[in-house]
Every structure is written in C-alpha cells, then in structure tokens.
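Asks: In our numbering, the protein residues as written are 959 to 1101.
The beta-carbon is built from N, C-alpha and C at its ideal position, and this holds for glycine as well.
First the structure, which I've put down as structure tokens, then a few questions once you've had a look.
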Amino acid sequence: MNTRELVLDTLLALERGEEYSHKLIKAVLDKYDYLDVRDKSFVKRVTEGTLERQMELDYYLDSFSSLPARKMRPLVRCLMRMSVYQLIYMDSVPDSAVCNEACKLVSKRGLRNLKGFVNGLLRTISRQKGNLPLPDENKEPLE
C-alpha cells in the first residue's frame, strides 16, 4: 500500500466528516500495522501536519492557482494540501518526488486530465517556497 495514498484516503474521509481525526488516524495505523515504522510515521506526520496547517496551505494554493482551493474537487484539494505540506515542511522528501507522486495519484484516481494542473502548481510552489507570500495585515486581517 502506498503511504501517500493512505494519507489521501484519510484526508478525504476527514473532509467528508466521517470520523474525528485522531480516531481515524489511529484506525488507519492499526489496520496497516504491518507497515514499516518509518512509513507509519510518515502517514501520521503528513496527515496531522496537513490538518494542522490547512488554512495556511489553502492560502498558498490560492496565491498560486487561478482556481481557489475551496472550488477544487475534494480529491484534488486534499492531494494538493498534503503535497504542499510535504514541499514546505518536510526536508527529507525531495520536491521532485512530491510532484511525481502527486501526478501518479491523480492519474490513478481517474483524473488524468488534471495531471498537468497538479504538476504545474506544485512545481511553481516548489520554486517559490523560499519566497512564499504572506497575507497583508491591512488588506486581509482575517488571514
């Protein structure tokens, strides 16, 4: 089982409101107990980190995409959030691997036509990650 696919399925289930995050993450880790410790740690860290920083990740997606995160298909939105989290907060994962795996997942889930969108947006964020925009306190006080 692909660890990124587990993360994506978990995030989708959480977005549908199926369960509380801590219970669902525990259930997934218990179900796939045979996974290597590193793989289970990866699943837990990416899932929790994506949930914790969801507003920030959506802000970055909105800054670089012509399509706001709230209007993306749920599968693409969750995939983009978890991928941007990996790009920004996980130094151990190469940017090229994040982009490549996201493209594979979107194709595997039957959305091959969105592969270019996913790849382009992730590569743009990857190139700009040292200079990511922050909300202007005067223009966007809530952000």
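#1: R1035 by DSSP, collapsed to three states: which one?
#2: Quick one, are the C-beta atoms of M1038 and T1005 less than 9 Å apart?
#3: Determine contact between the region 1020 to 1027 and the region 1074 to 1087, defined as no fewer than three beta-carbon pairs at a distance below 8 Å.
#4: Could you tell me whether the region 994 to 1009 touches the region 962 to 973, where touching means 3 or more Cβ pairs closer than 8 Å?
#5: Express the C-alpha separation of N1058 and V1064 in angstroms, rounding to a whole number.
#6: Quick check: what's the CA-CA separation for A971 versus K981?
#7: Which residue from I983, Y978 and D1049 puts its Cα closest to that of S1084?
#8: Measuring CB to CB, does L1015 end up less than 9 Å from L969?
#9: Taking all protein chains shown into account, do 16 or more other C-beta atoms lie within 10 angstroms of the C-beta of V1034, making it buried, or fewer, making it exposed?
#10: If V1114 and L1045 are in contact, beta carbons under 8 Å, what's the gap, nearest whole angstrom?
#11: Can you find the residues in the same chain that come closer than 7 Å, C-beta to C-beta, to R1067, ignoring five residues on each side of it along the sequence?
Replies: According to the data block:
#1: Three-state result, R1035: helix.
#2: no
#3: Result yes; three or more Cβ-Cβ pairs closer than 8 Å.
#4: Under the three-pair Cβ rule at 8 Å, the region 994 to 1009 counts as touching the region 962 to 973.
#5: 10 Å
#6: 12 Å
#7: D1049
#8: 9 Å or more divides the Cβ of L1015 from the Cβ of L969.
#9: buried
#10: Shown here, the chain extends from 959 to 1101; a query on residue 1114 therefore has no answer.
#11: Taken in chain order, the residues that qualify are L1033.
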